[in-house]
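Working notes, beginning with the structure itself.
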Amino acid sequence: MLSEEPFASLLRTPLLRRFAQLIESRSDAELEQMARLSQQTTLKHFGKTIRLFAPLYLSNECINSCAYCGFSRENAILRVTLEIDEVVHEARYLAAEGFRNVLLVAGEHPKFVSSGYLELCVQRLATEIPSVSLEVGPMETADYIPLVKAGAEGLVVYQETYHRATYAEMHTTGPKKDFDWRLACPERAYEAGFRRIGVGALFGLWHWREEALALAAHIEHLLKRCWKAQITVSLPRLRPAAGEFQPRHLLSDREFVQLVCALRITFPQVGIVLSTRETPQLRDALIPLGVTMMSAGACTEPGGYTGQGKAALHKTVRGKQIVLEYLDPNAHATEQFAIADERSPREIAETLRRRGYEPVWKDWDKAILSA
Amino acid sequence: MTAMADKPEKLKIANREFTSRLMLGTGKFSSNDQMAAALEASGAEIVTVALRRADLTGKGDAFANILDFIDPKKYLLLPNTSGAMNAEEAVRLARLAVAAGLPNWVKLEIHPDPRYLLPDPIETLRAAEILVAENFVVLPYINADPILAKRLQDVGTATVMPLGSPIGSNRGIETRAQIEIIIEQATVPVVVDAGLGAPSQAAEAMEMGASAVLVNTAIAIASSPVRMAQAFKKAVEAGRDAYEIGVAAPLATASATSPLTGFLHAS
């Protein structure tokens, strides 16, 4: 059973004590020193490389009410779930852009985004994309197994906040209400055979130091339990989205940098993911500091890359479809959040090269898992 | 000086001879051009590549073209099975490499733990049995375990490749005592693989009698990979020369005073 504070016993380990010190208030000189150590550690373990990936949104249907999310069922937005052929179309576009590593993202909706639907998506993408990962609503181990068999390599699930009271306040209806069900999701995914497991917290909901400490404890817990999985961590900061939720606790750029460095120093081998939520300036500055994986040229709405799914666009609020008298022919599904780095994958790759880093598009081959 | 010591001994693996005793890995470089330049400067003749990073479909994927930067006429391309978590996966990768036109040599590495990348001895032995039976030339990456090394030699691997310390750690030869036993008992070349962060550590391995070393991180992330590759080349040659010639055993330093036997000299 989980205690009230997740992974509380781990907070006493030397590793987590050190992490807690690293995220304390630091002078500029101390931060610079941390950045140097972080850079050296990253170089040793990952070299001068950054792995690139793109999200592919399958659906923005959702049965959860999450105060901060554009896809929340409370929001009257244009929604769609892509047909399998449309998913393939989007994936081919991403492959032509260079991506060999794609993250399939969807809201939580057992009817539209069922395990069977996801299995079909993964199967169809097997010949298109060498590495496919998923970021979808938590499932039972048994439901994950066919997805792994179909070729899905990674699973990403963010706890959003590790602070129970805030979690309860943010997630008012839907299966996501259950904090512990979500918390145990990475372990169910590991049991099902996923190779890469991504965790994270959404910064802006609770005090960042407490959030970061719980996140670090979760990582350490997973490193012990899921010892064969490559663990990655994401540190998304709240971005403008439908619903106009305002962050309650800011994580400044300086603190964000400190957090990246602290995680790298504490967990030299854990992948740190940086999304297009952050600005080009900050992303470029973070390249040598500890980040190992970046998205590029991302769209956060289903069909966003090639205009797929327009025929089935509809508006729903609280699960009820609203009849639209007129739909602009240029309308598209509503995005999850606004991105801040709009540079193309080619531009990002060029930036990496200019800074002395090799953009790695492919580092996984499906052949490892199937004949 | 003996005749043998005048001319460096060649490295023999399976049916091939090599002049260089420095093998290189190809990960972590800032660009494929940098990697190619470092390979050239290192004088290496054996170069290992992670199959998961290469295009194995034969479609010439421009976004996974690492193999285009390694001239197969100049280097023996040693595919490695990094990414495999068990024997089945490693065997599958090795077969796939041959099907894609790569050599039937394989650097067998099965490290299921991404935190320290330590090799799984049980899966490695199982995979070696299968691959040797299929006529692969197998170079297994192992922890510095003398019995595992013997078991692999019994199976028929072409080398054993014990680690000095975890991959990328730059901690040098922390497994020295175990590697000494492996070298003493070896019937195949012993290649110290992983953890060598400085040329002096590579020289140390060679002086101990290792047949070769494999280096990647220390060269790939150096501010000048080309010069670091040259530095390792020289260190490996120096260490090997010293081993072949024979390094004088260190003598205990004489103490200036003899508190126990000084009375013998008292007049």
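So the sequence lines, in the order shown, correspond to chains A and B.
As numbered in our numbering, residues 9 to 379 make up the first sequence, in order.
As numbered in our numbering, residues -11 to 255 make up the second sequence, in order.
All C-beta atoms, glycine included, are put in the ideal place defined by N, C-alpha and C.
As the structure is a computational prediction, the values presented were derived from the model and not from experiment.
For residue i, which residues in chain A fall below 9 Å Cβ to Cβ?
i	result
B:L81	D373, A375 and I376
B:R159	What B:R159 touches in chain A: nothing, since even the nearest Cβ is about 10 Å away.
Spell out whether any CB of chain A is found under 8 Å from the CB atom of residue i.
i	result
B:T14	no
B:S153	no
B:S212	no
B:T36	no
B:S18	yes
B:R215	no
B:L248	no
B:E5	no
B:A289	Outside the modelled stretch of chain B, which goes from -11 to 255, sits residue 289 of chain B, for which no answer is possible.
B:A(-9)	Residue placement at B:A(-9) is flagged as unreliable, the pLDDT there being 47, under the threshold of 50; the coordinate-derived value follows with that caveat. For B:A(-9), the answer is no, since every Cβ of chain A falls outside 8 Å of its Cβ.
B:L84	yes
B:L55	no
B:L96	no
B:L39	yes
If you compare alpha carbons, which of the options is closest to residue i?
i	options	result
A:L221	A:T274, A:E161 and A:C74	A:T274
B:T175	B:G152, B:R139, B:P67 and B:Q166	B:R139
B:P177	B:G234, B:E117, B:V201 and B:N68	B:V201
B:K221	B:K0, B:G31 and B:A25	B:G31
A:C74	A:G55, A:E116 and A:A293	A:E116
B:L55	B:G15, B:D181 and B:R80	B:G15
B:A25	B:Q218, B:W93, B:G185 and B:V235	B:Q218
A:Q266	A:R217, A:M301, A:Y365 and A:P194	A:R217
A:E252	A:I71, A:P22 and A:S80	A:S80
B:E28	B:A208, B:R228 and B:V214	B:V214
B:A87	B:A50, B:L113, B:P107 and B:T45	B:T45
A:T57	A:L210, A:E366, A:K185 and A:K374	A:E366
A:R25	A:L271, A:E161 and A:V88	A:L271
A:P118	A:V130, A:P138, A:M147 and A:T135	A:M147
Any beta carbon from chain B within less than 8 Å of residue i's own beta carbon?
i	result
A:L10	Because A:L10 sits at a pLDDT of 43, beneath the cut-off of 50, its placement in the model cannot be relied upon, and the point is left open.
A:F202	no
A:H117	no
A:T274	no
A:Y365	yes
A:H226	no
A:K370	yes
A:T57	yes
A:K323	no
A:K157	no
A:Q238	yes
A:W189	no
Just to confirm before moving on: does the CB-CB distance between residue i and residue j stay below 8 Å?
i	j	result
B:L90	B:L127	no
A:Y313	A:E98	yes
A:S141	A:V164	yes
B:A137	B:V125	no
B:P150	B:I170	yes
B:G13	B:R40	no
A:A306	A:I356	no
A:L231	A:V268	no
B:A285	B:T145	Nothing in the structure corresponds to residue 285 of chain B, since chain B is present only between -11 and 255.
By the DSSP assignment, the alpha helix (DSSP H) with residue i in it spans what residues?
i	result
B:L84	A75 to A87
B:V94	Per DSSP, B:V94 belongs to no alpha helix (DSSP H); it is in the beta strand (DSSP E), W93 to L96.
B:G227	P213 to I233
A:K52	D36 to F54
B:M194	P187 to M196
B:F6	Counting along the chain, B:F6 falls outside any alpha helix (DSSP H), though it belongs to the beta strand (DSSP E) covering R4 to F6.
A:H97	I92 to E105
Starting from residue i and walking both ways along the beta strand (DSSP E), at which residues does that stretch end?
i	result
A:R59	T57 to S67
A:G206	R204 to G208
B:H253	Taken as a continuous stretch (DSSP letters only), B:H253 belongs to no beta strand (DSSP E), as it is neither H nor E.
A:H226	Unbroken run through A:H226 is the alpha helix (DSSP H), W216 to R233; no beta strand (DSSP E).
A:V368	E366 to V368
A:Q289	Unbroken run through A:Q289 is the alpha helix (DSSP H), P288 to L294; no beta strand (DSSP E).
Please list, in chain order, the chain A residues whose beta carbon lies closer than 8 Å to that of residue i.
i	result
B:E111	Within chain A, no residue comes near B:E111; the closest Cβ sits about 11 Å away, beyond 8 Å.
B:L44	D373 and A375
B:A208	G55 and K56
Anything in chain B within Cβ reach of residue i, meaning under 7 Å, just list it in chain order.
i	result
A:Q277	P102 and R103
A:G162	What A:G162 touches in chain B: nothing, since even the nearest Cβ is about 12 Å away.
A:R108	F51 and A52
A:Q289	Those do not exist, as A:Q289 stays about 22 Å from chain B at its closest Cβ, beyond 7 Å.
Give the interface partners of residue i over in chain B, defined as CB-CB distance under 8 Å, in chain order.
i	result
A:H53	G156
A:L231	R103
Cβ closer than 7 Å: which chain A residues qualify as neighbours of residue i?
i	result
B:R114	Ordered by position in chain A, no residue passes the 7 Å Cβ test against B:R114, which lies about 16 Å from the chain.
Could you check whether the Cβ of residue i sits closer than 8 Å to any Cβ belonging to chain E?
i	result
A:R361	The chain inventory of the structure shown lacks chain E, comprising the protein chains A and B.
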